[in-house]
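Trainee: In the working numbering, the protein residues as written are 117 to 478.
Glycine residues also receive a C-beta, built at the ideal position from the N, C-alpha and C atoms.
Starting off with a structure, shown below.
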């Protein structure tokens, strides 16, 4: 009896062995929409990876990311030797890594706990080197194409957008954008609205998505649902497609309005492109600006006003300090909204339905 006969008797053909191995691996958040029945084999060399390609990898040295977020949002500990399922993607994170999809299937790094593989080129001085991984293989479909997150993106929308869309943009990473989104979602939900939420750009991780759900969002989606592990380096036209797809998903769920987050800060290329495009094309009805401090608030509001955009309110970390809030209000002429304001149903509705033209510049 040959090995092929044995495989036929036991069902241990190549695809079955692959699926058994994949089932035992730690599957990352970025791959939560992937149908692994589509994978029939792996390749270990001979192809150049693309953003979104799904790989099976092995942890070889632990670094900054010692946990991986699974498809249900649980962050599980990583051990050297663990096999993980992640997706290639670029990363732009001033507080962590700058990283890019490598040119080959050689060793690289886990640059985000949500499951993004890339080759790190630099890091913030305050964090550890990236966790090192080796690629066991890129997953392939039966027709010879790489298994890619884009294969499982939400379909083109049949409806354009919810009746009202508020965008939250910020001065930088960790300026308080996600907390601002959650506050607005919670306040409007308490006011009786059916609220949808979306993270339009960023690096694949479920934290922001779970925050939106916890705040009361009737539906929450993010760019991974549109087929991207990360949006750093994504062309403007594709950012537009992602935005249309996610707003369409929210519209189809019959929400009254949507609150959307755009990652990073205004000096980041994709962030700047999307906020200009979104306001210019009428995708967003209003903008709330999250700032880390008064200077960031002043610069950000000036940047937006130069492009014809007046924020409805300023929130974020700056709102935690009464002194910084007064500085920001004097510098911009725009009201500061604290987290308590955003969570209040009356105050949240007043902010969202206000007329920014009534804001008086300082």
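Exposed or buried, which one is residue 238 when buried takes at least 16 other CB atoms within 10 Å?
Mentor: Residue 238 comes out exposed.
Trainee: Are there 16 or more other CB atoms within 10 angstroms of the CB of residue 142, so buried, or fewer, so exposed?
Mentor: Looking at its Cβ environment, which holds 16 or more other Cβ atoms inside 10 Å, residue 142 is buried.
Trainee: How many angstroms separate the CA atom of residue 178 from the CA atom of residue 393?
Mentor: Their Cα atoms are separated by approximately 40 Å.
Trainee: Rounded to the nearest angstrom, how far is the Cβ of residue 467 from that of residue 452, given a contact under 8 Å?
Mentor: The Cβ separation is near 11 Å, so there is no contact.
Trainee: How would you call residue 186, buried or exposed, if buried means at least 16 neighbouring beta carbons within 10 angstroms?
Mentor: Buried is the call here.
Trainee: Taking 8 Å as the cut-off, does the segment 138 to 157 touch the segment 224 to 234 (at least 3 CB pairs, one atom from each stretch)?
Mentor: Output reads yes: the segment 138 to 157 touches the segment 224 to 234.
Trainee: In angstroms, rounded to a whole number, what distance separates the CA positions of residue 460 and residue 217?
Mentor: Straight-line Cα distance between these residues: approximately 43 Å.
Trainee: Closest to residue 297 by CA distance: which of 369, 433, 472 is it?
Mentor: Residue 433 is the option with its Cα nearest to residue 297.
Trainee: Does DSSP put residue 380 in a helix, in a strand, or in coil?
Mentor: Looking at residue 380 - three-state DSSP - the assignment turns out to be strand.
Trainee: Which partner residues of residue 65 appear in the DSSP bridge assignment?
Mentor: Lying outside 117 to 478, the shown extent of the chain, residue 65 is not represented and no answer is given.
Trainee: I'd like to know if residue 382 contacts chain D, where contact means its C-beta is closer than 8 Å to some C-beta of that chain.
Mentor: Among the protein chains of the structure shown there is no chain D, as only one such chain exists.
Trainee: What is the DSSP secondary structure of residue 369, reduced to helix, strand or coil?
Mentor: Coil.
Trainee: Taking 8 Å as the threshold (C-beta atoms), are residue 366 and residue 404 in contact?
Mentor: No.
Trainee: Could you tell me the alpha carbon to alpha carbon distance between residue 345 and residue 357, rounded to whole angstroms?
Mentor: Between residue 345 and residue 357, the C-alpha separation is close to 15 Å.
Trainee: Please list, in chain order, all residues of the same chain as residue 462 whose beta carbon is under 6 Å from its beta carbon, the five residues on each side excluded.
Mentor: If we look at residue 462 and ignore the five residues flanking it on each side, it has no Cβ neighbours.
Trainee: Quick one: what's got a C-beta closer than 6 Å to residue 264's C-beta in the same chain, skipping five residues either side?
Mentor: So the list reads 168, 169, once near-sequence residues are dropped.
Trainee: Is residue 348 closer than 8 Å to residue 190 when the C-beta atoms are compared?
Mentor: Contact: no.
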